[in-house]
Amino acid sequence: MLWAMTNDIGAASDFLFILFVPIIVTNIVIVLIVFIKDYLEKILSMCQLNKLLKGFMLYISSSLLVITGYIVGRFLITEKLNVISNDVSELSFVRDKTIANATSFGGNLIFLILLAVWFIGIFALGINQLIKERAFLKKLDRLSELITDGTSIETKDRLIEEMGIKKDFRVFINSIIPSPFIIGFVKPKIFLSENSLSDLETEIILRHEMTHLKAKDYFYRRLMFMLCVMYWFNPAVHIFLNKFIEINEMACDEATLKNYSDREKLIYAKLLHDMACSKPDIENIICLTGKTTISLQRRIINIMNSKKMMKRIPYIALSTLILGICPVISYAATNSSIDMQTYVIDMLDKDIEETADTELIEQQEMDNTDITAVMLEEAVPMSGSVDIDINVDGKIRVITNTVYMRKGSKVTFTLYADNSDNKFRIGLLDSKNKKVFVNSKSGEARHTFTVNTSGEYRLFIEGLENKNIHITESIYIKN
Numbered sequence: 001m002l003w004a005m006t007n008d009i010g011a012a013s014d015f016l017f018i019l020f021v022p023i024i025v026t027n028i029v030i031v032l033i034v035f036i037k038d039y040l041e042k043i044l045s046m047c048q049l050n051k052l053l054k055g056f057m058l059y060i061s062s063s064l065l066v067i068t069g070y071i072v073g074r075f076l077i078t079e080k081l082n083v084i085s086n087d088v089s090e091l092s093f094v095r096d097k098t099i100a101n102a103t104s105f106g107g108n109l110i111f112l113i114l115l116a117v118w119f120i121g122i123f124a125l126g127i128n129q130l131i132k133e134r135a136f137l138k139k140l141d142r143l144s145e146l147i148t149d150g151t152s153i154e155t156k157d158r159l160i161e162e163m164g165i166k167k168d169f170r171v172f173i174n175s176i177i178p179s180p181f182i183i184g185f186v187k188p189k190i191f192l193s194e195n196s197l198s199d200l201e202t203e204i205i206l207r208h209e210m211t212h213l214k215a216k217d218y219f220y221r222r223l224m225f226m227l228c229v230m231y232w233f234n235p236a237v238h239i240f241l242n243k244f245i246e247i248n249e250m251a252c253d254e255a256t257l258k259n260y261s262d263r264e265k266l267i268y269a270k271l272l273h274d275m276a277c278s279k280p281d282i283e284n285i286i287c288l289t290g291k292t293t294i295s296l297q298r299r300i301i302n303i304m305n306s307k308k309m310m311k312r313i314p315y316i317a318l319s320t321l322i323l324g325i326c327p328v329i330s331y332a333a334t335n336s337s338i339d340m341q342t343y344v345i346d347m348l349d350k351d352i353e354e355t356a357d358t359e360l361i362e363q364q365e366m367d368n369t370d371i372t373a374v375m376l377e378e379a380v381p382m383s384g385s386v387d388i389d390i391n392v393d394g395k396i397r398v399i400t401n402t403v404y405m406r407k408g409s410k411v412t413f414t415l416y417a418d419n420s421d422n423k424f425r426i427g428l429l430d431s432k433n434k435k436v437f438v439n440s441k442s443g444e445a446r447h448t449f450t451v452n453t454s455g456e457y458r459l460f461i462e463g464l465e466n467k468n469i470h471i472t473e474s475i476y477i478k479n
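All the letters of the sequence shown, read from the start, carry residue numbers 1 to 479 under the numbering used here.
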């Protein structure tokens, strides 16, 4: 992984893995919450369920960063091997395998295409949406009138004192919006429609929007919007978003109307229905402000059927249990994903090695020729990559410097001759000059050798015909 991180193309697969696994893990806990949502609605009030979902949302947001850091940490964890050598006393190697550091497919075109599609989606659904929203809000500001006196401002001042709201905000009235909404976290703004409303309707509408403000709902919706943009392709995140907005609105209704009579609740329910029927597609412009027809039906039913809250201690215990299970599930799922990648790579390596071993034995029995050896000018590192650009003049063996390699280390040759009819071989020499090798095919030699016994090794490239051949590309050692 260290090597992969220094190679932008080679790290494409690992970068995709690091971005993708956290949301796969998060999906598991999202499915858990969505699965038990109906049960929670039966035993909790909407206000309590709303607080639980907010806690879960904060967990999702923080866990994505934690899981990403944990994955990177796992890929950077090294294990030490003590050796007897005049040069070094111990060697360190990366414990977990990745596509980039264990195979030659790290920079495969498919990974680069997937990353490109991912970021194009982020731009199209995120940045583009924010640009449209900003343009709409500028237009809205020009067409809106700040309320500074009258019944609305008197009601606002009274509700501020009654609800204990300390954050300053402004209220605007506008003729192009049929339903009210609130925007802004640092400098909040409440927009009211220019519809003719009674004093009671104005009070309830303002109280509803101020309840959103006091509960910092705009912050949570923005947070959820960013998650939806980041993982635009993930249906679980969008499902959770819809459920959250639905519960959030019902919780706000519940908190707003808790001291109102049934007649006043009925007036508010009718007002919601009237505003929904005349509503344009404003939710497609202002991120996460919309309310679907289905949620409107549920809101009205919930308004007219108030439910008692669960007692404080049982609620805290239940919330702690649910939120406490989430990190356990995330930890197990993350480890399983990393181990699965390592397992798949091991299986692929095993298949390659089993095929290669047969070829090595057959070719080794055919090799009985004494060949002149020359040193490769480039020094081969103990772990990492070296570029190859050499001319092999006739039947000579170009050998590298000595490298200590542990059992299980891998050496990947990716070499090409200028002509497809050029013939050469590649392989390893141990301290007893015993060699394992494979021959090129059609002017190419691409093979991964696995070291079976710890010790000192030299790598070699050997010409098989009496002519000069030009060989290029690279050798990579995972030690």
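No residue lacks a Cβ here, since even glycine has one placed at the ideal position from N, Cα and C.
*With distances taken from CA atoms, which of I28, N391, L318 and F15 is nearest V493?*
Examination of residue 493 is not possible in this model, given that the chain is present from 1 through 479 alone.
*Outcome for F424 when other beta-carbon atoms lying within 10 angstroms are tallied against a minimum of 16*: Counted from its first residue, the sequence shown places residue 424 at position 424. Result: buried.
*Give a yes or no on whether 8 Å exceeds the smallest Cβ distance from G324 to chain C.*
Considering every chain present, this structure includes no chain C. It has just one protein chain.
*Three-state secondary structure (DSSP) at R425?*
Position 425 of the sequence shown, counted from the start, is the residue given in the question as residue 425. Correct three-state label for R425: strand.
*F172 vs I147 beta-carbon contact at 8 Å*: Looking up residue 172 in the sequence shown gives position 172. Looking up residue 147 in the sequence shown gives position 147. It is a contact, given that the beta carbons lie within the stated cut-off.
_Same chain only: Cβ atoms within 8 Å of N174, ignoring 5 sequence neighbours per side_ = Looking up residue 174 in the sequence shown gives position 174. Excluding residues within five positions, the ones whose Cβ falls inside 8 Å are L140, L143, S144, E145, F191, L192, S193 and E194.
*Just the C-alpha distance for T256 and V21, rounded to the nearest angstrom, thanks.*
For the purposes of this step, residue 256 is taken as residue 256 along the sequence shown, with counting starting at 1. For the purposes of this step, residue 21 is taken as residue 21 along the sequence shown, with counting starting at 1. When only Cα atoms are considered, T256 and V21 end up about 40 Å apart.
*asked:* Suppose only complete runs of 3+ residues qualify. What are the beta strand (DSSP E) ranges in the stretch 401-454, listed by chain order?
replied: For the stretch 401-454, the full-length beta strand (DSSP E) segments reaching 3 residues or more read 403-405, 410-417, 424-430, 435-439 and 444-450 along the chain.
*Taking the alpha-carbon positions, what's the K311 to I43 distance?*
Within the sequence shown, the letter at position 311 stands for residue 311. Within the sequence shown, the letter at position 43 stands for residue 43. As the crow flies, the alpha-carbon of K311 is around 10 Å from that of I43.
*Looking at C-alpha atoms only, which residue of L321, T68, M57 and F56 is the closest neighbour of I18?*
Here residue 18 is taken as the residue at index 18 of the sequence shown, counted from 1. Looking from the CA of I18, the closest CA among L321, T68, M57 and F56 belongs to T68.
*Please confirm if the stretch 265-276 is in contact with the stretch 302-310, defined as three or more CB-CB distances below 8 Å between the two stretches.*
Note that the stretch 265-276 touches the stretch 302-310; at least 3 beta-carbon pairs, one per stretch, sit closer than 8 Å.
*Buried or exposed for L65, please, with buried defined as at least 16 other CB atoms from any protein chain shown within 10 angstroms of its CB.*
Translated into the one-based positions of the sequence shown, residue 65 becomes position 65. In summary, L65 is exposed, with fewer than 16 beta-carbon neighbours lying within 10 Å of its beta-carbon over all protein chains present.
_Cβ contact check for the stretch 451-459 and the stretch 393-410: 3 or more pairs under 8 Å_ = Yes, the stretch 451-459 is in contact with the stretch 393-410.
*asked:* Could you tell me the alpha carbon to alpha carbon distance between M275 and D149, rounded to whole angstroms?
replied: Looking up residue 275 in the sequence shown gives position 275. Looking up residue 149 in the sequence shown gives position 149. M275 and D149: Cα-Cα distance of roughly 24 Å.
*asked:* Please tell me whether T202 and S261 are closer than 8 Å, where the distance is taken between their beta carbons.
replied: Looking up residue 202 in the sequence shown gives position 202. Looking up residue 261 in the sequence shown gives position 261. Cβ distance not < 8 Å, so T202 and S261 don't count as in contact.
*Using the Cα positions of N439 and F413, report the straight-line distance between them to the nearest angstrom.*
Against the sequence shown, residue 439 aligns to sequence position 439. Against the sequence shown, residue 413 aligns to sequence position 413. Distance from the CA of N439 to the CA of F413, rounded to the nearest whole angstrom, comes to 12 Å.
*Near S431, which residues of its chain fall below 7 Å by C-beta distance, leaving aside the five closest residues on each side in sequence?*
As a working note, residue 431 is residue 431 in the sequence shown. Sequence-distant partners of S431 (beyond 5 residues in either direction) whose C-beta falls short of 7 Å from its own C-beta, in its chain, are G455 and E456.
*Distance, Cα to Cα, K410 vs V380?*
Along the sequence shown, read from residue 1 onward, the residue named residue 410 stands at position 410. Along the sequence shown, read from residue 1 onward, the residue named residue 380 stands at position 380. The alpha-carbon atoms of K410 and V380 are separated by roughly 14 Å.
*Buried or exposed: where does D253 fall if 16 or more other Cβ atoms within 10 Å of its Cβ makes it buried?*
What you label residue 253 is simply residue 253 of the sequence shown in a count that begins at 1. Buried, because 16 or more other Cβ atoms sit within 10 Å of the Cβ of D253.
*Hey, quick one: how far does the alpha helix (DSSP H) through D217 stretch, first residue to last?*
Here residue 217 corresponds to residue number 217 of the sequence shown, with the count starting at 1. From DSSP, the alpha helix (DSSP H) with D217 extends over D217 to M230.
*Beta-carbon proximity check, F240 vs G121, cutoff 8 Å*: What you label residue 240 is simply residue 240 of the sequence shown in a count that begins at 1. What you label residue 121 is simply residue 121 of the sequence shown in a count that begins at 1. Not in contact: F240 and G121 (Cβ atoms no closer than 8 Å).
*Does DSSP put T98 in a helix, in a strand, or in coil?*
As a working mapping, residue 98 is identified with position 98 in the sequence shown. Coil, per DSSP.
*Is M57 closer than 8 Å to Y487 when the C-beta atoms are compared?*
Residue 487 lies beyond the range of the chain shown here (1 to 479); nothing can be said about it.
_Three-way DSSP call (helix, strand, coil) for V29 in this model_ = Locating residue 29 in the sequence shown gives position 29, counting from the first residue. Correct three-state label for V29: helix.
*Would the beta-carbon of V374 fall within 8 Å of that of I345?*
Position 374 of the sequence shown holds residue 374. Position 345 of the sequence shown holds residue 345. Cβ distance not < 8 Å, so V374 and I345 don't count as in contact.
*What does DSSP give as the partner residues of I471 in its beta bridges?*
Looking up residue 471 in the sequence shown gives position 471. The bridge partners DSSP lists for I471 are I390 and A417.
*Where do the ends of the alpha helix (DSSP H) carrying I127 lie?*
Locating residue 127 in the sequence shown gives position 127, where the first residue counts as 1. Premise fails: I127 is in no alpha helix (DSSP H) and is neither H nor E.
_Integer Cβ distance of S337 from I24, believed to fall under 8 Å_ = Residue mapping note: residue 337 aligns to position 337 of the sequence shown, counting from 1. Residue mapping note: residue 24 aligns to position 24 of the sequence shown, counting from 1. About 7 Å separates the two Cβ atoms, so the contact holds.
*Between L49 and T334, what straight-line distance do the alpha-carbon atoms span, to the nearest angstrom?*
The sequence position of residue 49 within the sequence shown is 49, counting from 1. The sequence position of residue 334 within the sequence shown is 334, counting from 1. CA-CA distance, L49 to T334, rounds to 27 Å.
*From the DSSP output, in three-state form, read off C287 for me.*
Numbered from 1 along the sequence shown, position 287 holds the residue referred to as residue 287. Legend: pLDDT at C287 = 47, less than 50; position of this residue unreliable, no value from coordinates given.
*asked:* Using only the alpha-carbon positions, how far apart do K467 and F75 sit?
replied: If you number the sequence shown from 1, residue 467 lands on position 467. If you number the sequence shown from 1, residue 75 lands on position 75. Take the alpha-carbon of K467 and the one of F75: they are about 45 Å apart.
_Run through the DSSP bridge pairs and tell me what R397 is partnered with._
In the sequence shown, residue 397 corresponds to position 397, counting from 1. Its beta-bridge partners are A373 and E462.
*Name the two residues that bound the continuous alpha helix (DSSP H) containing N259.*
On the sequence shown, residue 259 is found 259 positions in, with the first residue counted as 1. That residue, N259, is in no alpha helix (DSSP H); it is neither H nor E in DSSP.
*For C314, count neighbouring C-beta atoms within 10 Å of its own C-beta (all shown protein chains included) and say buried if the count is 16 or more, exposed if not.*
Translated into positions along the sequence shown, residue 314 becomes position 314. Per the sequence presented here, residue 314 reads as Pro, with Cys not at that position. That one is exposed.
_DSSP-derived helix/strand/coil call for D183_ = Counted from its first residue, the sequence shown places residue 183 at position 183. Reading off the sequence shown, one finds Ile at residue 183, where the question assumed Asp. Correct three-state label for I183: strand.
_Q341 beta carbon less than 8 Å from that of T155_ = Within the sequence shown, numbered from 1, the residue matching residue 155 stands at position 155. Within the sequence shown, numbered from 1, the residue matching residue 341 stands at position 341. The beta carbons of T155 and Q341 sit no closer together than 8 Å.
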